[in-house]
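Everything on this sheet refers to the single structure shown next.
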Amino acid sequence: MATRAVISLPATPKAGEAFEVRATVAHAMETGYRSSDEGARLPRDLVRRFECRLDGELVFAADIFAAISANPYVSFWMRASQSGELRFSWRGDNGFEHFETRTISVT
Amino acid sequence: MKRREFIVSAAVFAALPEAQAEEAAMRDAIRTWAGRDPEAGTLKIDIAELVENGNAVPVRVTASEPVVGLALFTPLNPEPGVIQVSLGAAAAKPEFSTRMRLARSQRIVAVARAADGRCWQTGVDVIVTLAACVEP
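Top line first, the protein sequences correspond to chains A and B. Heads up: the first sequence begins at -16 in my numbering, then just goes up one per residue. Heads up: the second sequence begins at 312 in my numbering, then just goes up one per residue.
What follows is the structure in structure tokens.
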């Protein structure tokens, strides 16, 4: 099944003005501490790192651990002086990778 | 010694070594991330004081001055690390929000790191009535 991510940000932020970016990705964030109904330990499967880059320049990155809830959510504030491309990436265990791109047009 | 005092002190002594070990593990994790022991300082941690469901607790950490890094730690979850954030030049505010798991009632700690290497921390007590399913 294709991974789903939801990103919320203004499409046309004002130049130099702060705006909030909220991002979440569908992922169970299995801690490795839980057991299945049959008693077997459920193996650890986590998203480990989230990054947001504006035209290649790092805006916000988060290393996340088992204590982050399922469907990991982060929000942060950024500003842009010119239009550009925001690239979001999530990477984790078992080769998990998800990428999203959003274009922002500064007004 | 009255019976009640005895029960209380016995409980405190029984819990002490374990709690100290976990506090030490958290201090080590903080030192690894920050590169030193942070001073006590001001950081705003927005989190409900009384949490009904520890599986997804909204939390926001805000610093009062520009920082390059923010992180959250817990002494009594199975691991001390929660999230470690890096902020680039385009980050507009020294803050972030997320949703975290809490295995039990505890004092969670937020740490900030400034560009000049200073770091400081603050803690907040959270009471959890239904813990996250993180224990075996």
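We put the beta carbon where it would ideally sit given N, CA and C, even for glycine.
When the beta-carbon positions are compared, W60(A) and E3(A) come within less than 8 Å of each other.
Taken through DSSP and simplified to helix, strand or coil, D339(B) comes out as helix. Sequence-distant partners of P369(B) (beyond 5 residues in either direction) whose C-beta falls short of 6 Å from its own C-beta, in its chain, are R410.
For N366(B), at least one C-beta of chain A is nearer than 8 Å to its own C-beta. Each residue's CA atom was taken as its position, placing P389(B) and A414(B) some 8 Å apart. Assigned with DSSP and collapsed to three states, N77(A) falls in helix. Flagged as an interface residue toward chain B: W60(A), by a C-beta distance shorter than 8 Å. With contacts defined as CB atoms closer than 8 Å, L37(A) and G67(A) qualify as a contacting pair. At a cut-off of 8 Å, the C-beta of E334(B) has no neighbouring C-beta in chain A. A9(A): not part of any beta strand (DSSP E); DSSP gives it neither H nor E. Judged by their CB atoms, A(-12)(A) and V8(A) are nearer to each other than the 8 Å cut-off. Residue environment analysis places F33(A) among the buried positions, since at least 16 neighbouring C-beta atoms fall within 10 angstroms of its C-beta. With a 10 Å radius around the Cβ and a threshold of 16 neighbouring Cβ atoms, G380(B) comes out buried. For P405(B), the enclosing beta strand (DSSP E) stretches over residues 402 to 411. The DSSP-derived three-state label of E21(A) is coil. Nearest CB-CB separation between I394(B) and chain A: below the 8 Å threshold.
By the Cβ-count criterion, F407(B) is buried, with 16 or more other Cβ atoms from all chains shown falling within 10 Å of its own Cβ. The C-beta of F82(A) comes no closer than 8 Å to any C-beta of chain B. Between I419(B) and V362(B), the CB-CB gap reaches or exceeds 8 Å. At least 8 Å separates the CB of L441(B) from every CB of chain A. For L398(B), the C-beta contacts it makes with chain A under 7 Å involve F43, in order along the chain.
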